[in-house]
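Here's the structure, in C-alpha cells; my notes come after.
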Amino acid sequence: QQPVQSPQAVILREGEDAVINCSSSKALYSVHWYRQKHGEAPVFLMILLKGGEQKGHEKISASFNEKKQQSSLYLTASQLSYSGTYFCGTERQNQGGKLIFGQGTELSVKP
Amino acid sequence: DAGVIQSPRHEVTEMGQEVTLRCKPISGHDYLFWYRQTMMRGLELLIYFNNNVPIDDSGMPEDRFSAKMPNASFSTLKIQPSEPRDSAVYFCASSLASAATNEKLFFGSGTQLSVL
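Here the protein sequences line up with chains U and W, keeping their order.
Numbers given in our numbering equal positions in the first sequence, counted from 1, plus 426.
Numbers given in our numbering equal positions in the second sequence, counted from 1, plus 2.
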C-alpha cells in the first residue's frame with residue numbers, strides 16, 4: 427500500500443523545472459508532500475485533499491487527481507535550496523489518519 | 003513551543019541489548035506517529051496513537067518492538083532484544099488532528115540507532 431514515486435532521483439541546474447509523481451493503487455483521501463534535507467527531519471510542504479485541487483508554495487506547487495489516484499509536485503525555476511529528498515504521504519479514506527510515505531525522490535540542484 | 007523532542011539523538015548498542023527511544027510531542031497534539039527510515043525501505047510507519055491510544059500497529063515489524071504512550075506528553079518505542087537489522091533512523095511525529103483534516107505532521111529530529 428506504499429505509494430510509488432517517480433523518478434527516484436533527478437539532477438537539475440539552477441533555474442530548471444522538475445516534476446515528481448506519486449501514485450497509489452488504492453483510492454486516496456489526501457496527499458501530503460514533505461522535503462527532507464540530508465541529516466534532518468522531513469518538513470511539511472503542502473496537503474492536497476480529495477477534490478482535485480492544486481496548491482502552491484512559493485515556486486513549488488502540486489496537483490491531486492483523485493480519479494487516477496495520483497499527485498504531482500511541480501518545482502519551477504529551481505533554487506539550490508530545493509535540494510533534498512521529497513516524500514509524498516498518502517492517506518486512504520476511513521484510515522483514521524494513517525499516513526504512508528513513498529520511497530522518496532532525491533533532488534539535486536547544481537549551480 | 004520547542005517542537006517534537008526525541009531522545010537520544012544517537013544510540014549505539016550491541017545486539018541483544020534493550021533499546022528505548024523517547025518522544026515528547028508538541029503540547030496539544032492529539033496524534034503521535036513512530037516512523038523508521040532506512041535506505042532500503044524509506045519512511046515506514048510503525049505505529050500511531052490518537053489521544054494516547056494505539057490505533058494501528060500493523061507496521062511494527064516483530065514482537066521485539068513495542069510502543070507505549072502513558073500520557074499525552076510522552077511516548078516510548080522499545081526494542082528488546084535489538085538486532086543489527088534494526089539499525090535505522092527512528093522519527094517521532096505529532097499532529098494536531100487527523101491527516102485527513104488538513105493537519106500537517108511535525109517531525110522530531112530523529113534517533114540514529116546503530117546495533118552492532
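All C-beta atoms in this analysis are idealised placements derived from N, C-alpha and C, irrespective of residue type, glycine included.
Under the three-state reduction of DSSP output, S432/U falls in the strand class. P56/W sits in a strand when the DSSP states are folded into three classes. Residues of the segment 523-537 of chain U whose Cβ lies closer than 9 angstroms to any Cβ of chain W, in chain order: G523, K524, L525, I526, F527, G528, Q529 and G530. Within 10 angstroms of the beta-carbon of R87/W lie fewer than 16 other beta-carbons, which makes it exposed. For S68/W, none of the residues of chain U pass the 7 angstroms Cβ criterion, the least Cβ distance being about 19 angstroms. DSSP, read as helix, strand or coil, puts R43/W in coil. Contact of A467/U with chain W by beta-carbon distance below 7 angstroms involves F93, F109, G110, S111 and G112. With a threshold of 16 other beta carbon atoms within 10 Å, S77/W meets it and is buried.
Of all C-beta pairs linking the segment 52-71 of chain W to the segment 104-112 of chain W, fewer than three are shorter than 8 angstroms, placing the two stretches out of contact.
By the beta-carbon neighbour count (other beta carbons within 10 angstroms, threshold 16), L533/U is buried. Shown here for E46/W: same chain residues with a beta carbon closer than 7 angstroms to its own, the five before and five after excluded, namely Y37, R38 and G61 in chain order. Nearest C-alpha to Y50/W among L118/W, E105/W and S97/W: S97/W.
Taking C-beta separations shorter than 8 angstroms and ignoring five residues to either side along the sequence, the partners of G523/U in its chain run E517, following chain order.
In the DSSP assignment, R461/U falls within the unbroken beta strand (DSSP E) covering L454 to Q462. Listed along chain U are H458, F470 and I473, each with a C-beta nearer than 8 angstroms to that of K106/W. Of the other Cβ atoms in all chains shown, 16 or more fall within 10 Å of the Cβ of M71/W; this residue is therefore buried.
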